[in-house]
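Chemist: Got a structure for you, written out below as structure tokens; questions coming shortly.
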Amino acid sequence: MSLFLSQLFNGLATGLLLALISTGLTIIYGTLGVINFAHGALFVVGGYAGYTVYGLTDSFVLAVAGGSAVALACGLIMERGLMRKYYSRPPEDQILVTFGISIILVEIVRGLYGGVSLSVTPPEWGQGIARLGTLIYPLYRLETLGIAAVTLLLLYFVLYRTSLGLIVRAGIEDAQMVNALGINVKRTFLIVFGIGAMAAGFAGVINSPIVALTPDMGFRYLVESFVVVVIGGVGSFPGAIIGGIIAGEILSLTAMINPQYSDVMLFIAMALVLIFRPQGLMGQEGRE
Numbered sequence: 001m002s003l004f005l006s007q008l009f010n011g012l013a014t015g016l017l018l019a020l021i022s023t024g025l026t027i028i029y030g031t032l033g034v035i036n037f038a039h040g041a042l043f044v045v046g047g048y049a050g051y052t053v054y055g056l057t058d059s060f061v062l063a064v065a066g067g068s069a070v071a072l073a074c075g076l077i078m079e080r081g082l083m084r085k086y087y088s089r090p091p092e093d094q095i096l097v098t099f100g101i102s103i104i105l106v107e108i109v110r111g112l113y114g115g116v117s118l119s120v121t122p123p124e125w126g127q128g129i130a131r132l133g134t135l136i137y138p139l140y141r142l143e144t145l146g147i148a149a150v151t152l153l154l155l156y157f158v159l160y161r162t163s164l165g166l167i168v169r170a171g172i173e174d175a176q177m178v179n180a181l182g183i184n185v186k187r188t189f190l191i192v193f194g195i196g197a198m199a200a201g202f203a204g205v206i207n208s209p210i211v212a213l214t215p216d217m218g219f220r221y222l223v224e225s226f227v228v229v230v231i232g233g234v235g236s237f238p239g240a241i242i243g244g245i246i247a248g249e250i251l252s253l254t255a256m257i258n259p260q261y262s263d264v265m266l267f268i269a270m271a272l273v274l275i276f277r278p279q280g281l282m283g284q285e286g287r288e
């Protein structure tokens, strides 16, 4: 029972992390129609940038801020310098250019830090264990749950309680109408891309004390994030959260029985959703 409860907590922590990454992915895809294959690389960039800031300042809070800021800057440069030219291009062009950007970012990271894995020590306030009845659980993992949950609440507030969020959600539904209303769509697209990139970088930093940093780790999270978006529904913020939690629990509970089948079960779940509800659990039917 203790192992089962521990895996439930692990699944929830993993799920909220995937939800945090997937919200940025689904916002970019839902608003801009861009399949951003560089999202996993931005996760890596944020993690390594946070590692550098943490080593220089010995402050994990500054590390989170620094990693998020670097990922945000990379996202803004990507959107302003290249992606803006690809909004009206076919999806395969967007896939190729973002995949190329991801390779470039990963190789830059590999050139700067090497190909070996790097470990990040949890901050002082995250070291030790927590006792939850008979369950003994790492303290930082519990705190990660709270950090991810609060961040998702902030993103929810931005998307559903501000004028920027109203424009973003309207752009997800009908970008042409938003443009016709005289709203500066280009500036909105830049902000949306930046928010998505920052969410990926933020997730990379808070995840670094849990999983060792490697230049190639972003590809796995990218694939899992796309699965989360498919399960939850494209462009749906609540869907990304629900899909992330479902994916996290599937990965964690399956690993308790046989780790080799974790990814298999995740893709089976995605296939079932596509068969019985193609628009996703929270998506809208008929959307492109």
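Under UniProt numbering, think of the first position of the sequence shown as 1, with each following residue one higher. Ideal Cβ placement from N, Cα and C applies to all residues, glycine included. Nothing here was measured: the structure is a model prediction, and the numbers come from that model.
1) Since V44 and V70 are thought to touch, with beta carbons under 8 Å apart, how far apart are those beta carbons, to the nearest angstrom?
2) What would DSSP say about residue 304, mapped onto helix, strand or coil?
3) Considering only residues of the same chain and omitting the five flanking positions on each side of R111, which have a CB-CB separation below 7 Å?
4) One question on the structure: do T23 and L152 come within less than 8 Å of each other, judged by their Cβ atoms?
5) Counting Cβ pairs closer than 8 Å, one from the region 241-258 and one from the region 273-284, do we hit at least three?
6) Taking 7 Å as the limit between beta carbons, can you name the residues of its chain near residue 342, skipping five residues before and five after?
7) Taking the runs of the alpha helix (DSSP H) that are 4 residues or longer, which of them lie wholly in the region 230-269?
8) Can you list, in chain order, the residues of its chain whose CB lies under 7 Å from that of I241, leaving out five sequence neighbours each side?
9) Check this for me: beta carbons of V120 and L213, under 8 Å apart or not?
10) From F226 to Y48, what distance separates their C-alpha atoms?
11) Let's test the definition: count the other Cβ atoms within 10 Å of the Cβ of M270 and tell me whether it reaches 16, buried, or not, exposed.
12) Kindly indicate which three-state DSSP category R277 falls into: helix, strand or coil?
13) Which runs of the beta strand (DSSP E) spanning at least 3 residues fall entirely within the region 61-136, listed in chain order?
14) Taking the alpha-carbon positions, what's the L118 to G40 distance?
15) Just reading off the alpha helix (DSSP H) that A49 is part of, what are its end residues?
16) State the Cα-Cα distance for the pair G182 and V168, rounded to the nearest angstrom.
17) Per DSSP, what kind of secondary structure is L181 in: helix, strand or coil?
18) My guess is that A200 and L42 are in contact by the Cβ rule of under 8 Å, so how many angstroms apart are they, rounded?
19) Tell me which same chain residues have a C-beta within less than 6 Å of the C-beta of L132, skipping the five on either side of it?
20) So does the region 183-194 actually touch the region 62-81, counting three or more Cβ pairs closer than 8 Å?
21) Alpha carbons only, please: which of V229, Q176, N184 and Y51 is nearest the one belonging to S163?
22) Rounded to the nearest angstrom, how far is the Cβ of F237 from that of L159, given a contact under 8 Å?
23) If distances are taken between C-alpha atoms only, which option among L62, V97 and Y51 comes closest to V109?
24) Given that a residue counts as buried once 16 or more other Cβ atoms are within 10 Å of its Cβ, and exposed if not, what is Q260?
25) How about I77: is its Cβ closer than 7 Å to a heavy atom in the ligand SAH?
26) Counting only the same chain and skipping the five closest in sequence on each side, list residues whose C-beta sits under 8 Å from that of D93.
27) Closest by CA to P208, which one among G55, N179, K186 and V97?
28) Would you decide whether F60 is buried or exposed? Buried here means 16 or more other CB atoms lie within 10 Å of its CB.
29) Report all residues from its chain with a CB closer than 7 Å to the CB of Y221; omit the five preceding and five following residues, and keep chain order.
Modeler: Checking against the coordinates, here is how it stands:
1) The pair is not a contact, with the Cβ atoms about 11 Å apart (cut-off 8 Å).
2) The requested residue 304 is not part of the displayed model; the chain covers only 1 to 288.
3) Inspection of the sequence shows that residue 111 is occupied by Gly rather than by Arg. Excluding positions up to five away in sequence, the list is empty.
4) yes
5) yes
6) In the structure as shown, the chain begins at 1 and stops at 288. Residue 342 is therefore absent and cannot be evaluated.
7) 237-257
8) A19 and L152
9) yes
10) 22 Å
11) buried
12) coil
13) 129-132
14) 18 Å
15) H39 to T57
16) 14 Å
17) coil
18) 4 Å
19) none
20) yes
21) N184
22) 6 Å
23) Y51
24) exposed
25) You won't find the ligand SAH in this model; it holds no ligand whatsoever.
26) Y86
27) Inspection of the sequence shows that residue 208 is occupied by Ser rather than by Pro. If we check each option's Cα against that of S208, G55 comes out closest.
28) buried
29) I21, G40 and F43
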